[in-house]
Amino acid sequence: MFNKRIKIKELLQTEVIGQEVTVMGWVRTFRNNQFIALNDGSTNNNLQIVVELGLLDDDTLKRISTGASLKVIGHAVASLGKGQKIEVKAKLIEILGDSDAEKYPLQPKKHSLEFLREIAHLRFRTNTFGAVFRVRHALAFAIHQFFNQKGFVYLHTPIITASDAEGAGEMFKVTTLPIDGTADKNEDGSINYKEDFFGKSTNLTVSGQLEGELGAMAFSEIYTFGPTFRAENSNTARHLAEFWMIEPEMAFCDIEDNMNLAEEFIKYLIQYAMDNNREDLEFLAQRLAEEEKQLPQDKRSEWGLIEKLEFVLNNAFERITYTQAITILLESNHYKKKKFQYDVQWGIDLQSEHERYLVEKHFKKPVIVTGYPAAIKAFYMRMNDDGKTVAAMDILAPGIGEIVGGSQREERLEKLEQRMKDMHIPTEEMSWYLDTRRFGTVPHAGFGLGFERMVQFVSGMTNIRDVIAFARTPKNCEF
RNA sequence: UCCUCAGUAGCUCAGUUGGUUAGAGCAUCUGACUGUUAAUCAGAGGGUCACUGGUUCAAGUCCAGUCUGAGGAGCCA
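The first sequence stops at residue 523 when you use my numbering, and every number in between is there.
Structure below.
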């Protein structure tokens, strides 16, 4: 009867002293042939199991090694030791699964994140990854709760798409055709996709936005939350080939409403984690502080993780236009001393160094930048009255960079068609998209939030590969 | 994809100007110890020096290429 067990989190929280309990979990350490630190993943805190002399024979004692799984029946008692309030005095210990200590890669010692990445199938059993993935779960749950409370419809947009017009990046091809060069070809030498599974060229989605807009034109407000794929050869601590994205899309909504929602959303997620994952966040804060001790003074952050999150919760995001951002950069001492690697002038796409200066040096808080030049933004963004800028907005977060990208969409058919023509996007194939503007078009807006970047921001993990269970990055697809 | 740095025991690292049998801490194993907190103490085992080729009497050490990882850049979320 496995369902009679009590989870360690519950046992440590509730007053069950004196009661007989059944617990199950994995051995973290076994000290003095007497004290087992048992963890079942419900909390970072271990339960201390006390094994009295003579309870087990020598053979069984030897099998209680790091990583082994146990079933323990015993009485919950107040602990005589200092590290914990409650412990379990074992009456029966059953070894559910042995773990050869010589071969088990997780040792009771500190491991580097790089090493743990290589054994990602076991790293959930560490304190750090236990905390990270409980926080990730909480954020995912909070996302649905936030939108559900607001009456948004959760729309599942397709993973496989034939649309190649998003322009959001390189795509992974989806095909059942042979890849050894024997696939049927057209007269011009190109591959004949009429013979392919879908009868046309298909890819993994790079964004659910265009389909999301279709939903918003009926439900008023929808959101998507699903995997997204980019075949970019990006080798950085903040890019993945497979990542999860949240994309709300709202009808009857302008850029101002869009910004308000995004800010409220981010704060809601942070607050949810603060309320529900306090212990995990405190552990992660401590871990981060220890890691930063190794860094030179100027690379350390001014605040701890908890203080950073509290500050974001308690302060309005700074809102500036692109034009104002350029002015701030041009007037900065940093610019005058020629410390920027890339030159600053109106019309450029802001470089990482520029974004970091604005967020980390100038404002020292999340910044929303709006009104980017039309030339550097996507075709669907709404043209402003000046004819030069579009109603785009990016939210830049300290330490992460761009965490949200969004815009008010161009709802005026003629302007949208003109823009597509200018940017050489075929309007015939996108007819389904343009139908939303033909039949009852309304002002609407939306944004995309990279889920892993949000988890990074809340957990303080510096490498995005450490906030997704099994990272897919260039030259890496294990597990 | 570009720039920089790195790859030595299970893990984290040291290894001098190229020169005898490649070291340490932790982990593991053996023993001791019954109120320990990543326990402690004593002892033991453990190496394709990333791979391929080259220079040399001699390569962990020098050179070239390849692979992998990290940091930064670009692209973006």
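Cβ coordinates follow ideal geometry from the N, Cα and C atoms, glycine included.
In the three-state DSSP reduction, residue 492 falls in the strand class (E or B). The Cβ-Cβ distance between residue 289 and residue 493 falls below 8 Å. One alpha carbon belongs to residue 309, the other to residue 445, and they sit about 17 Å apart. Assignment of residue 515 by DSSP, reduced to helix, strand and coil, places it in the coil class.
For residue 386, the secondary structure class from DSSP, reduced to helix, strand or coil, is coil. Between the stretch 253-268 and the stretch 213-231 there are fewer than three C-beta pairs closer than 8 Å, too few to call the two in contact. Taking 8 Å as the cut-off, the beta carbon of residue 248 is found no closer than this to the beta carbon of residue 311. Within the same chain, 291 come within 6 Å of residue 253 by CB-CB distance, once the 5 residues on both sides are set aside. Inclusion of residue 501 and residue 514 in the CB contact set at 8 Å is not warranted, their separation being larger than that value.
Under DSSP, residue 451 takes part in a beta bridge, and its partners are 436 and 490. Contact between residue 375 and residue 440 is ruled out by a C-beta separation of about 19 Å, above the 8 Å threshold. Secondary structure of residue 295 (DSSP, three-state): strand. Around residue 425, the same chain offers 434, 436 and 451 as residues with beta carbons nearer than 6 Å, after the five sequence neighbours per side are excluded.
Within the same chain, and ignoring the five residues on either side of residue 118 in sequence, the residues whose Cβ sits closer than 6 Å to its Cβ are 132, 133, 134 and 135. For residue 143, there is no enclosing alpha helix (DSSP H), since its DSSP letter is neither H nor E. Here residue 415 is near residue 365, since their CB atoms are less than 8 Å apart. For residue 95, the three-state secondary structure derived from DSSP is coil. Each of 354, 256, 413 and 234 was checked against the Cα of residue 202, and the nearest Cα belongs to 256.
In the displayed model, residue 218 falls within a strand according to three-state DSSP. For residue 480, the enclosing alpha helix (DSSP H) stretches over residues 475-482.
Sequence-distant Cβ neighbours of residue 184 in its own chain, meaning closer than 6 Å and more than five residues away, do not exist here.
Secondary structure note for residue 171: its alpha helix (DSSP H) is the uninterrupted segment 171-193.
For residue 332, the CB contacts under 6 Å within the same chain, skipping 5 residues up- and downstream, are 349 and 504 in chain order. Assignment of residue 115 by DSSP, reduced to helix, strand and coil, places it in the strand class. DSSP places residue 262 in no beta strand (DSSP E) but in the uninterrupted alpha helix (DSSP H) bounded by 253-263.
Here the alpha carbons of residue 381 and residue 354 stand approximately 34 Å from one another. Going by DSSP, residue 416 is part of the beta strand (DSSP E) stretching over 411-417. Between residue 197 and the set 449, 294 and 508, the nearest pair of CA atoms involves 294. For the set 438, 459, 443 and 411, the Cα lying nearest the Cα of residue 429 is the one of 459. Cβ-Cβ separation between residue 112 and residue 71: approximately 5 Å, consistent with a contact (criterion under 8 Å). The DSSP assignment places 52-57 as complete runs of the alpha helix (DSSP H) inside the stretch 48-97, in order along the chain (cut-off: 4 residues).
Residue 339 sits exposed, since fewer than 16 C-beta atoms from the chains shown fall within 10 Å of its C-beta. The three-state secondary structure of residue 365, taken from DSSP, is strand. Non-local C-beta neighbours of residue 403 in its own chain, meaning closer than 6 Å and more than five positions away in sequence, comprise 411, 440 and 442, ordered along the chain. In this structure, DSSP gives residue 380 a helical state, which the three-state scheme calls helix. When DSSP states are grouped into helix, strand and coil, residue 304 belongs to the helix group.
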